[in-house]
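Asker: Chains as they are written, first to last, in the numbering used here: chain A, -17 to 315; chain B, -17 to 315.
Ideal Cβ placement from N, Cα and C applies to all residues, glycine included.
Number of protein chains: 2
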Amino acid sequence: MIVDVEDERELIEQVLIRHGVPGPVAATQAEVLVEGDLRGQHSHGLQRLPVLVERLRRHLIDPHARPRFCWHSPAFALVDGRRGFGPAVGFEVVDALLERQVPVAVAAVRGSNHLGMLAPYVERVAAAGAIGIVLTTSEALVHPWGGRRAMVGTNPIGVGVPTGGPPFVLDMSTGAISRGKVLGHALAGKALEPGWAVDADGEPTTDARRAVDGAVSPFGGPKGYALGLALELVVAACTGTETGERVLGTLDGEHPSTKGDLFVVLRPSGPGHDDFASRMGAYLDEIRHSPRATGAGRIDVPGDRARRRRAERQRAGVPIDDEVWKAAQELMT
Amino acid sequence: MIVDVEDERELIEQVLIRHGVPGPVAATQAEVLVEGDLRGQHSHGLQRLPVLVERLRRHLIDPHARPRFCWHSPAFALVDGRRGFGPAVGFEVVDALLERQVPVAVAAVRGSNHLGMLAPYVERVAAAGAIGIVLTTSEALVHPWGGRRAMVGTNPIGVGVPTGGPPFVLDMSTGAISRGKVLGHALAGKALEPGWAVDADGEPTTDARRAVDGAVSPFGGPKGYALGLALELVVAACTGTETGERVLGTLDGEHPSTKGDLFVVLRPSGPGHDDFASRMGAYLDEIRHSPRATGAGRIDVPGDRARRRRAERQRAGVPIDDEVWKAAQELMT
C-alpha cells in the first residue's frame, strides 16, 4: 500500500504517546523511522515500531531518559544513554558536540537504543557547517572471511560533509545486505545476488532459504570484512560496549542494548579552510559530470539517490508493506 | 631475486645518505620501504626509491624539514609537513599525538610526502596502548560508480588496535587493486580478476592492457566507491588539500605533493575501559577459532597474514624484482 508520509508520522507518534512516550521524544523517534521509509531503507522504518513498543513495555527503553555526559577532555565525552530512545539520545549528543565549537569533538555512547538510519545525524552536523561521522555496532550477522558463523556486526558508517548545496551523505552497512532482506527474500521465494550470503556450511549461496541458516557476507569480500571488524573494535573499545555475539538489544524485544555508538564532529579550520564546503561541492559536481561508462545512466555521489527517492515519496506517498502497516495500527489498540 | 632484508635496508639508507639525507631520516624512510616489501606490498617498497630520489633532486622533498604544528585546540593540530619525507613527518606526528595523553587527538597534515604503507604508523599507536587511525589521499586512479574516468584516489585506511598480543592492523586501499598491479599484469600479459578495473569506455575488463587506458575500480562496488569518496572529502576538508585530479606528487617525480594525511589517536578511558585491549584480543581469538567455511584453510583477522609473511621474509629473504634492485643500485653511482 501507499501511505502519505504525514499519516505514517502521525501513526508512529500516536502509538508511542499511547505507550507513555512524551510528545517531543515520540516526534523525534517517528522522524527517524519515517526517514528510513522515505529513503527506501525499510528495515529502519515503520517495521521497527513493534520491537520499540515491546522494549518500552519491558522497560528496556526508558522514554523519559536523558543522556548523562561525562567529559573526559574538552573534546571527548563518554555518554550513558540511560536506556533512552536511540534518536533522542543521538540528536542530543550531536547537538552537544556541535555546541562545543571545537575542531574535533567525539562522543562515545553506551546504554542507548537503536539509532535507526545514520543519515539524519550526519545531516544535522553537515547543516551546521561541520563534518559528521557516526559509527554504531550491531548484532553479529556477518561471517568472518573464511568462516561460516556470524561473528561481526553489520556495523554501518555514516559520513556527512557540507557542500554549500545538498550535503554529501554516506550511510552504509558493512554487510552486503541486511538480515531483513535475507528473511524477506526467503519468504518471497526470491533469489539472492551472488556474494550476499553463505549457507550453514559457509558456502556462498543465492538460495535465500539456505542463507537464513547461514550468515550475511561482508560487502566487498575480505576488505569489507576487515573494515567492518575494525569499526566494531573502535566502537566497542571507545564506548566500553560489547563485541560479536554479545551485542544484543537492537533487533530484539528482550535484551538490554549492549551496542555502542561513536559520534565525531570535525570543523575544518585554518587558512584556506573557510571555503571548504564549496570546494567539496565543486569536486562532487566534477564527479557527477564526468564521462559515463557505456550504458550507465547517471553518476551519483552518496546522498543523491536517497534525496531523489525522498522527494518523490514525499510527493507521491511511501510504499509500506500491508502487514507492517496493520501491525503498527494494532499497536494503537 | 631473493634479498636479505638487512641488505635491502642498507642499500636504501646508503642511497638516501648519498643524496644528502641525514642518517636518522634515511633510516626512517628505509624502514617504511622495507616494511612494504616484507609484507608483500611491493608497490610501497623498494620500487618507490627512484621516485623519492628524483623528488630529492628537484627539491620536492626537503630531507632536513621538520613539520610545523599549529594546535587549534588541545586535541587538533594543523601540520605543515614542509616538504619533508612522509615517514619522517608521519612518525613525528604520531609521537606528538601520543604525547598529548588525551582521549582523542587529531592531526591534519599537508605539504608532506608519500607515507608509504599505513601499517607502521598505526602499529606505533597500538604499541603505545592507544587506537590509531590514519587516512591519506592519493592521485585520482579510481572511477566513480557509473563513470569511466579516474576521479577518486585509492584513499587507503589504516586502523591499529592494541589487543594485549599482536595488534589488530588494518591497512587497505579503497581501490580494488593498485595501479601498479594493473601495469604489472599488462607487462606480464596476465589477466585481471573480474571487478578490478574498467577499460577506456568504462566497461569492466579482465584485459590488463585495456585497463591501463581505463581506471581502477573501487573495491566492493558502489559501497567501496562511496567509502573512498567519503575519505577523500574528510581528508581534503580537514587538511585543506586537493581533491580528485588535482592530487599530485606521490607517484611522480615532478609535482609538489598536494595530498593530505589525517592522523587520529583515541585512548579509551573511563570505568571498564582499562582492559579494553585484552577484551578486543579475546574477541579476535573467538573469530580466529570460529567454525570455518567448508574448504577454508584458516580464519585471519587483519594483520595476521602480513605478520606471517613478514616473519617468513625476515628469515628467508625478500623477493625483489631484478629490475627494481638494479634501478636502486644505480642510484648509488
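Going by DSSP, what residue range makes up the alpha helix (DSSP H) through Met262/A?
Answerer: Phe258 to Arg270 is the span of the alpha helix (DSSP H), which, as asked, contains Met262/A.
Asker: Along the chain, where does the beta strand (DSSP E) that runs through Asp62/B open and close?
Answerer: Per DSSP, the unbroken beta strand (DSSP E) holding Asp62/B starts and ends at Phe58 to Asp62.
Asker: Output needed for Ala90/A: all residues of its chain with C-beta closer than 6 Å, excluding positions within five of it in sequence on either side, in chain order.
Answerer: Leu60, Cys220, Thr221 and Leu244
Asker: Can you name, in chain order, every residue of its own chain whose Cβ lies under 6 Å from the Cβ of Gly111/B, other than the five neighbours on each side?
Answerer: Non-local beta-carbon contacts of Gly111/B in its own chain, meaning distances under 6 Å to residues more than five positions away in sequence, involve Pro144 in chain order.
Asker: On the three-state DSSP scale, how would you describe Leu233/A?
Answerer: Leu233/A: coil per DSSP, three-state reduction.
Asker: Okay, do the region 198 to 207 of chain A and the region 121 to 128 of chain A touch, 3+ Cβ pairs below 8 Å being the bar?
Answerer: yes
Asker: If we define contact as Cβ-Cβ less than 9 Å, is Leu248/A a contact residue for chain B?
Answerer: yes
Asker: Consider the Cβ of Glu185/A: report whether some Cβ of chain B lies at a distance smaller than 9 Å.
Answerer: yes
Asker: Report the residue ranges of all beta strand (DSSP E) runs contained in full by the region 143 to 179 of chain B; include only those spanning at least 3 residues, in chain order.
Answerer: 150 to 154
Asker: Tell me the DSSP bridge mates of Trp53/A?
Answerer: Answer is Ala59/A, bridged to Trp53/A.
Asker: Thinking C-beta only, is Arg292/B closer than 9 Å to Glu17/B?
Answerer: yes
Asker: To the nearest angstrom, report how far apart Trp53/B and Ser94/B are at their CA atoms.
Answerer: 17 Å
Asker: Any idea which residues DSSP pairs Ala219/A with across the strands?
Answerer: Its beta-bridge partners do not exist; DSSP assigns none.
Asker: So which of Ser120/A, Ala278/A and Arg290/A has the shortest CA-CA distance to Arg228/A?
Answerer: Ser120/A
Asker: Leaving out five residues on either side along the sequence, give the residues of the same chain with a beta carbon under 8 Å from the beta carbon of Ala310/B.
Answerer: Leu(-7), Ile(-6), Val(-3), Leu28, Leu31 and Pro32
Asker: Under a three-way DSSP split, which group does Val84/A fall into?
Answerer: coil
Asker: Cβ of Pro284/A within 9 Å of Cβ of Val141/A?
Answerer: yes
Asker: Of all the residues that make up the region 103 to 137 of chain A, which are near chain B by a beta-carbon distance shorter than 8 Å?
Answerer: Listed by position along the chain: Ile113, Ile115, His125, Pro126, Trp127, Gly128, Gly129, Arg130, Arg131, Met133 and Val134.
Asker: Would you kindly check if the distance between the Cβ of Val(-13)/B and the Cβ of Leu15/B is under 9 Å?
Answerer: no
Asker: Ser251/A touches chain B at which residues, Cβ-Cβ below 7 Å?
Answerer: Neighbours of Ser251/A in chain B, taken as residues at a C-beta separation under 7 Å, are given in chain order as His54.
Asker: With which residues is Gln298/B paired in a DSSP beta bridge?
Answerer: Reading the sequence as shown, one finds Ala at residue 298/B and not Gln. Bridge partners of Ala298/B: none, in fact.
Asker: Quick one: what does DSSP say Pro32/B is sitting in, helix, strand or coil?
Answerer: helix
Asker: Is His255/A close to chain B, meaning its C-beta is less than 9 Å from at least one C-beta of that chain?
Answerer: yes
Asker: Determine the chain A residues that contact Pro328/B at a beta-carbon separation under 8 Å, and present them in chain order.
Answerer: Residue 328/B lies beyond the range of chain B shown here (-17 to 315); nothing can be said about it.
Asker: Determine, using beta carbons only, whether Leu42/B and Gln11/B come nearer to each other than 9 Å.
Answerer: Result no, Cβ atoms of Leu42/B and Gln11/B do not sit closer than 9 Å.
Asker: Going by the beta-carbon positions, is the gap between Leu213/B and Ile113/B smaller than 9 Å?
Answerer: Result no, Cβ atoms of Leu213/B and Ile113/B do not sit closer than 9 Å.
Asker: Any idea what DSSP makes of Thr118/A, helix, strand or coil?
Answerer: strand
Asker: Taking only beta-carbon positions, decide if Pro284/B is within less than 9 Å of chain A.
Answerer: yes
Asker: Pick out whichever of Pro149/B, Arg274/B and Gly5/B has its Cα sitting closest to the Cα of Ala132/A.
Answerer: Arg274/B
Asker: Which residue's Cα is closest to the Cα of Gly2/B: Val75/B, Ala193/B and Phe67/B?
Answerer: Answer by Cα proximity: Phe67/B.
Asker: Using a Cβ-Cβ distance under 9 Å, would Ala218/A count as near chain B?
Answerer: yes
Asker: Check each candidate in Gly171/A, Gly157/A and Ala57/A and name the one with the smallest Cα separation from Trp356/A.
Answerer: Because chain A here runs from -17 to 315, residue 356/A falls outside it and cannot be looked at.
Asker: Once you ignore the five residues that flank Ala9/B on each side, which residues in its own chain have a CB closer than 7 Å to its CB?
Answerer: Excluding positions up to five away in sequence, the list reads Glu(-5).
Asker: Starting from the C-beta of Arg316/B, find all residues in its chain whose C-beta is less than 6 Å away, skip the five residues before and the five after it, and write them out in chain order.
Answerer: Residue 316/B is absent from the model: chain B starts at -17 and stops at 315.
Asker: Within the same chain, show all residues whose beta-carbon is closer than 6 Å to that of Gly162/B, passing over the 5 residues directly before and after it, in chain order.
Answerer: Ser25
Asker: Does the Cβ-Cβ distance between Phe58/B and Val84/A come in under 9 Å?
Answerer: yes
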